[in-house]
Amino acid sequence: MTTDIPMDKTTDDTTKVSTPEATPIIPLPHAAARGLTVAGSALALIGTFLAWTWTDEFPGNLTVTGYPGGLQVLTLVGSALTLLFALAGYGIRGLGWLTPGGKNSPVLLAALGVLGVTGYAMGAIAQELGGLVNLEPGAWVSGIGALVAVVGALGLPVDQPYDAGDPDPHLWGRVRHALTAPEPRRAKDLPSWLEILIIAAGFGVGLYVFAYGISTEYSELFIGFLIIAAFGFTAVTRAGLLKRLSALTAKHRNVTLGAAFAAAICFPFTQTNDQFALIGANILIFATVALGLNVVVGLAGLLDLGYVAFLGVGAYAAALVSGSPASTIGVTFPFWAAVLTGAVASLIFGVVIGAPTLRLRGDYLAIVTLGFGEIFRITMNNLNGNSGPDVTNGSNGIPQIPDLEILGFNLGVPHDVLGHELTRSANYYLLMLVFTIIVVMVFRRSAESRIGRAWVAIREDETAATAMGINGFRLKLLAFALGACLAGLAGTVQAHVSYSVTPEQYQFAGPVPPNSAFLLAAVILGGMGTISGPLIGAALLYLIPAKLQFMAEYQLLLFGIALMLLMRFRPEGLVADRRKQLEFHETGQLDVPEDKPLPEGATGVAKAGA
Amino acid sequence: MNELPQQLANGLILGAMYGLIAIGYTMVYGIVQLINFAHGEIFMVGGFGALTVWMVLPDGFGLGAAIPLMIIGGVLVSVAVGTAAERFAYRPLRGAPRLAPLITAIGLSIVLQQAVWMWFPDAKKDVPFPRFQGDPVEILGANIQRGDIFVLIAAPLCMIALGLFVNKTRSGRGMQATAQDPDTAKLMGINTDRIIVMAFAIGAAFAAVAAVAYGLKNGQVGFRMGFLMGLKAFTAAVLGGIGNIYGAMLGGLVLGVAESLATGYIGEIPGMDLFGGGAWKDVWAFSLLILVLLFRPQGLLGERVADRA
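If you want it as structure tokens, here you go:
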């Protein structure tokens, strides 16, 4: 993407070099545009302190003047972010660190987020209370402020010069272009204690945002949260802050891992409501299983469409030896033995399914695992003593799985820890976290080992990998069996968290995650082959259906559409593995060597063996 | 009832349906190496298309006379959905890593199921499909329901037509060429895009015929019926050798007969008495797939596609 257009410095107050073509979308004088943005976002911020509506029938009580609540808080946060980014553009000392990458695109994104959430709030109030008359002046102040800020931000010069090939794209192309930003330069070296502090602060903010999302009490607030979180996250990314942070985390990997787990351990202490802690525990189960699937799909490139069955094997194994009165075996194993049983049972199934199919082309594996997932469900239904031997009680499943007691600590009852009451779900959340840590460690260690590199090699080109002396079949089987084993591990905890196991919990696609389709979607949405990707993907895929109950009917439909759009427009997922990103977008890469014309006489470079 | 001819007949009827659906998998796979995971759903919408035709026909219209119209209706819906899927979901992803179209197919399959579930009147549960009244006909010692005769006639006709099309027409030969080597086929002036659309359309049309047969046999269609039928049909396609259209039909018949025999006889094997009966038939069909993959991974008739590594 080299441009040979002469570049000259514009009157931009930043040091950014831009071409004359980099005109803003709305032609405004630069000072006026920035002034408008600052004024608009300040107006939106002030508006949140006024009443937005006259009645507290709209959830969140937006009637109080001087004390923002509910959706107002989201507008407040968004407009504060816009204001900060816009002020950073003036070159005010002390704010420069906010925008190491893009200067103006984060302003535009944040302003759009404010407009989105404020507009949504105004629309929701008008729709639920019947008409725009229900809006108090505060809402109009914020709304108009947000609109002004967006207009101003559209008047700011774009961060990157237009592509030489297409200097004057049509409007939509220009808007899209205005949202892009250059990569940040390398950061100054800071003292390492400060860097660690920054990492800790980053995870603190992450934990706060996540906990806020889980404890949103009504769906309007959750939608607003999604809008502002999506725009805010993109704005922070465009500003280059995320790149800076990930450069730091790459430098201090163990600290990062520690900080992440510390943040995760803190989560139940932010929740007083057992229901929200249960959501946390379920997200953790879902995320752990998704991470296990990521070993199979992301690292080794094996498509497993029946992965939830391995979770089911682990859960059924644990339930049968849990001492539940409905268990047909009637033995009670201690928890560690039950975990081993579940993991080993899943491992055996993984080998039995994998051994015949992994010798063949990958597509067969997809369909065999899909079949296995279905057969598992059917078999569990049939082993009811009526149409088969009595093992699983058929469709009734195994209910009344007793609560765990580990080292005299009963996970079923609330405990007071550090002055905070940990509920049953919070206990299980912490137990599950131990398993998540195990799975993360296994994933990380194996991905960086010789085996992990061999998996990636097989994923990229099995023929070449085999030629390099890699035993493709054995390594694929290892990945598959390891994935199965990790799912079984998670299943043993899941059986206890959900009190009962039934065949219907483990189907291919259903409204409640985890099921095979959702697991795969979590891995792909988050980003294949990464650790944080499936965790984020699982959290989003669990929270969105759980929080937006009103669209329950459309949920699967929207899920299917989202899956197709995702594959079309961002197949590498939210957290992109560098290799995947290159693979999916093979053009326009900066680090692809330039196409040089072949020297004379260099013929005969036809694709051999095509 | 447990006599061998009866079981064989049941198996053949079931197998012919599997075979018709398997054609769609095998043709698409043979040409673009894509498992059209949504094909089971294309089968399902074909059934609903045929049912819609029956519902709009005036009362008193005989089922025998309605069947050709219902087939046309079903085929139209299936082909429309199938080609639209090709155009808007799969074509943009041609050249992307293989995972991408497969996941799109999963998404599409969920969308189609949910769309029918939500918008077809009363489709939240199984919807009744017209059936032929009257006693079963006895052929070679097996009782065959009147509705089942349809598939026994339709499947061979479809296979003959397909065989003629592929071997005798220009487009058919173009299809073979594209399956062998798409790049060279393109250089020879074959419009491979058109060939791919055609493969999707033929597969969808056959699936619609199978869906009419399914409805006539079971007396109902449901939004969920595509999943298991699609899975079995894919098994049939692998069984016969994927990419091979005759193999698909053969695989379907073998799978159907094996399933029916397993239902009838496995329970009589000493020690297996609890594993017989209809509840386990899917498990046995699936075990057959694993066995075939173990011992003859190229399928019964062998793959037609050259393995391009």
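Going line by line, the protein sequences match chains V and P.
Reading the first sequence from the start, the letters are residues 0 to 609 in numbering that gives the first Met the number 0.
Reading the second sequence from the start, the letters are residues 0 to 308 in numbering that gives the first Met the number 0.
Where is the CB? At the ideal position from N, CA and C, for every residue including glycine.
From a predicted model like this one, the values you see are computed outputs, not experimental measurements.
Distances from the alpha-carbon of D402 (chain V) to those of V:D415, V:T422 and V:D389 put V:T422 closest. Between A261 (chain V) and the set V:G532, V:L432, V:P544 and V:N514, the nearest pair of CA atoms involves V:L432. Looking from the CA of I264 (chain V), the closest CA among V:Q274, V:L247 and V:L283 belongs to V:L283.
If you look at A79 (chain P), you'll find it in the alpha helix (DSSP H) that goes L62 to A83. Residue-level contact by beta carbon fails for A84 (chain P) and chain V, as no gap is shorter than 7 Å. Taking 7 Å as the threshold, the shortest C-beta distance from T356 (chain V) to chain P falls below it. Around the CB of P127 (chain P), fewer than 16 other CB atoms lie within 10 Å, so the residue is classed as exposed.
For the stretch 162-180 of chain P, no residue has a beta-carbon sitting nearer than 7 Å to a beta-carbon of chain V. At a cut-off of 7 Å between beta-carbon atoms, D281 (chain P) makes contact with chain V.
Nearest CB-CB separation between I189 (chain P) and chain V: not below the 7 Å threshold. Excluding sequence positions up to five before and after W279 (chain P), its CB lies less than 6 Å from no other CB in the same chain.
Looking at P:A37, P:L62 and P:L68, the one whose alpha-carbon comes closest to that of T82 (chain P) is P:A37. By the CB criterion at 7 Å, G23 (chain P) and G171 (chain P) fall outside the cutoff. Contacts between N381 (chain V) and chain P, judged by CB atoms closer than 7 Å, involve A278 and W279 in chain order. Per the C-alpha coordinates, the member of P:T51, P:A88 and P:F60 positioned closest to I71 (chain P) is P:T51. Checking the DSSP bridge columns, you'll see V416 (chain V) partnered with V:H419. DSSP places L134 (chain V) within a strand segment (E or B) once states are collapsed to three. Under the DSSP definition of a beta bridge, S245 (chain V) lacks any partner. Contact between the stretch 294-305 of chain V and the stretch 381-388 of chain V is absent: fewer than 3 CB-CB pairs across the two stretches fall below 8 Å.
If you look at I12 (chain P), you'll find it in the alpha helix (DSSP H) that goes L3 to V31.
Residue environment analysis places T183 (chain P) among the exposed positions, since fewer than 16 neighbouring C-beta atoms fall within 10 angstroms of its C-beta. Relative to Q175 (chain P), the option among P:L75, P:G29 and P:V196 whose CA is nearest is P:G29. Rounded to the nearest angstrom, the gap between the Cα atoms of I400 (chain V) and I377 (chain V) is 22 Å.
Annotation: Cβ neighbours of A516 (chain V) in chain P (cutoff 8 Å, chain order): I105 and I109. Interface residue (Cβ-Cβ distance to chain P less than 7 Å): D362 (chain V) is classified as such. Cβ atoms of A177 (chain V) and S104 (chain V) come within 8 Å of each other, at about 6 Å. Residue burial annotation: A229 (chain V) is exposed, with fewer than 16 other C-beta atoms found within 10 angstroms of its C-beta. Using a Cβ-Cβ cut-off of 8 Å, V237 (chain P) is close to Y363 and I366 of chain V, given in chain order. Around the beta carbon of N293 (chain V), 16 or more other beta carbons sit within 10 angstroms, so the residue counts as buried. Taking the beta carbon of I34 (chain P) as reference, the chain V residues within 8 Å of it are D362, A365 and I366, listed in sequence order.
DSSP places V500 (chain V) outside any beta strand (DSSP E), giving it a letter other than H or E. In the three-state DSSP reduction, T52 (chain V) falls in the strand class (E or B). Rounded to whole angstroms, E461 (chain V) and T262 (chain P) show a C-alpha spacing of 40 Å.
The Cβ of I244 (chain P) sits no closer than 7 Å to any Cβ of chain V. Going by DSSP, A141 (chain P) is part of the beta strand (DSSP E) stretching over A141 to I143. Between L298 (chain V) and chain P, the shortest Cβ-Cβ separation is not below 7 Å.
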